[in-house]
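Let me begin by presenting the structure, written as structure tokens, before commenting on it.
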Amino acid sequence: MFKLQFRSKDDYLLALWEDVQNRVLDSARVAVTDCSSSSVRTEAVIGALLEFARTSPAAARFWLRMSSFFPDEIGEPGHLARIREVYIQQLAAAISGRIPEKLTARDLLARNWLTWLVGLRLIPICSTVSL
């Protein structure tokens, strides 16, 4: 059955990672629904990401592990990079309050810093969960 759905283990891992990223993005979008400024949205997204790590530690740890791969290290060349780019744009859009097509370089840079900072906080929260 596995081979009918996925061509390889890498394809499975990438599909699972996309699913986890979509869950994280859904949490972030809900968190910023009534936020008026980018600083409030940033705080709300950080809170949502930390809550996701608290309630789904295995998924958060898996997300961190998959985030550590180089773009061509897993799956078809460029596939991981494309998935990451979509995720970056969607998270930056949630924080900035803009649609992805209207994001600025500053929006994307802020998102990269946010992911780095949250990543540092997620590791201790998830350290007792093994995959």
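Just so you know, my numbering puts 635 at position 33 of the sequence shown, and the rest follows in order with no gaps.
For glycine and all other residues, C-beta sits at the position ideal for the given N, C-alpha and C.
Every value quoted in this text rests on a predicted model; they were computed, and no experiment measured them.
- With a threshold of 16 other beta carbon atoms within 10 Å, Asp709 meets it and is buried.
- Its Cα nearest to that of Thr644, the residue Ala696 stands out among Ala696, Arg700 and Ile701.
- The residue from Asp621, Trp619 and Ala630 with its alpha-carbon nearest to that of Gly699 is Ala630.
- An exposed status is given to Phe672, since fewer than 16 other beta-carbon atoms sit within 10 Å of its beta-carbon.
- Below 8 Å, too few C-beta pairs join the segment 645-653 and the segment 606-614 to call them touching: fewer than three.
- DSSP places Ser629 in the helix class (H, G or I) of the three-state scheme.
- Going by C-alpha positions, Arg667 is about 28 Å away from Ser640.
- By the criterion of a C-beta distance shorter than 8 Å, Ile685 is surrounded in its chain by Leu616, Trp619, Glu620 and Gln623, once the five residues flanking it on both sides are discounted.
- Taking the CA atoms as reference points, Ala694 sits about 23 Å from Thr657.
- For Ser610, the secondary structure class from DSSP, reduced to helix, strand or coil, is coil.
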